[in-house]
Amino acid sequence: MGKKPEGFKVRKAGHLVIRVKDPAATAAFFQEVVGFNRKGVLQRGMHFLTSDFEDNHHMLLVRPAKDGAEERDFRSAIGFAGVTYEITDADGFDRIIDRLNARGVGVLVDEDDTRRSLRFRDEDGLPYEFWCKA
Amino acid sequence: MSDTLLRTTRVTLRASDIARSVKFYEDVFGFDQLGKDEAGRTLMGADGIVMLALEQAKDPNGSRPVVEPQPFIGMEHFAFELEPDSFEVLRAFWRHINALGVEIHHCVDHIITNSIYFLDPDRNLIEAYINCPKERARDLEHPYGTVEDLDDALAGKCQPAWMKDYPHAK
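Top to bottom, those sequences are chains X and C.
Heads up: the first sequence is residues 1 to 134, going by this note's numbering.
Heads up: the second sequence is residues 1001 to 1170, going by this note's numbering.
In structure tokens, the structure reads:
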């Protein structure tokens, strides 16, 4: 283990910012399925989403892709390969699965003695994982 | 309050050269290697808490992330929160990554945070931020914005403009 840098520490993973084709639709999807609150929308079409503003001012920021943006295959491309959020109540986990199923979104669920997780992709193919303690 | 309480856990990045990326995040953030997950990804973080997972790309010569201001669909950036909440902490981080030769993209006052954006070896845009005093944003309808660049303040030439209204801030 190398020498630690001095003067700062990383407290936590903060937020993901994504560029998508239809930010209003993507933000609405995450509000309705995951239960995020939308704290603000700026004129540039930026949707700031969080579950608790006091604890984390934003967890997901959805922005419009610029003209000419090309789709990527997030299954193989170098770079972003997924983001993971913890659900801190078990009811929330089941609620998200029900909402994804109701929308016909494909969801992969893994469960073991310690952890339950669900994975899905949004309209732009971006991968997400949500998990909770079993 | 949301009907579901959440916590951002980690981002997963696919690296062209995983050894290079592991060293980068060890050097830049002081992250430890915290083992591997069931898919063989290298888990990294601080104080035993995983915040980053790295996996090796099958094609190390594949397409790289497109960076602002170019158009793309996907991750614009991922952010890590520094502590404690002090501008001196952000200055220390700025000096640290400058000494490492990290490519800094931009540095800005966002009202709710002060932030440094930089590029990792695969040109993923990463943000490191400190939280500003909460009372600065509490009564704003839109507490997120871009007020001023912080280049001179981070270099120690001046204090960020917002600090004159918050004399208790460090």
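Glycine is no exception: its CB is placed at the ideal position from the N, C-alpha and C atoms.
Less than 8 Å between the C-beta atoms of X:D113 and X:A134, yes or no? yes
What residue ranges within the stretch 1050 to 1123 of chain C form continuous alpha helix (DSSP H) runs of no fewer than 4 residues, ordered along the chain? 1087 to 1100
Measure how close the beta-carbons of C:V1108 and X:L16 come, nearest whole angstrom, since I'm counting them as under 8 Å. Actually they are not in contact, since the Cβ atoms of C:V1108 and X:L16 sit about 18 Å apart, beyond 8 Å.
Does the CB of C:W1160 have a neighbour CB from chain X at under 8 Å? The amino acid at residue 1160 of chain C is misidentified as Trp; the sequence shows Pro. Not closer than 8 Å to any Cβ of chain X, the Cβ of C:P1160 fails to qualify, so no.
Between X:D94, X:A13, X:T88, which lies nearest to C:D1047 when the distance is taken from Cα to Cα? X:A13
Is the stretch 1145 to 1160 of chain C touching the stretch 1082 to 1092 of chain C, taking contact as three or more C-beta pairs under 8 Å? yes
8 Å contact criterion, which C:Y1025 and C:L1052 should meet: CB distance rounded: 6 Å
Check X:R38 in the structure and name its three-state DSSP category. strand
Run through chain X and tell me which residues come within less than 8 Å of C:G1062, C-beta to C-beta. S76, A77, I78
Taking the Cβ atom as the reference point for each residue, do X:E71 and X:G125 lie within a distance shorter than 8 Å? yes
Three-state secondary structure (DSSP) of X:T88: coil
Does the beta-carbon distance from X:R116 to X:F93 come in below 8 Å? yes
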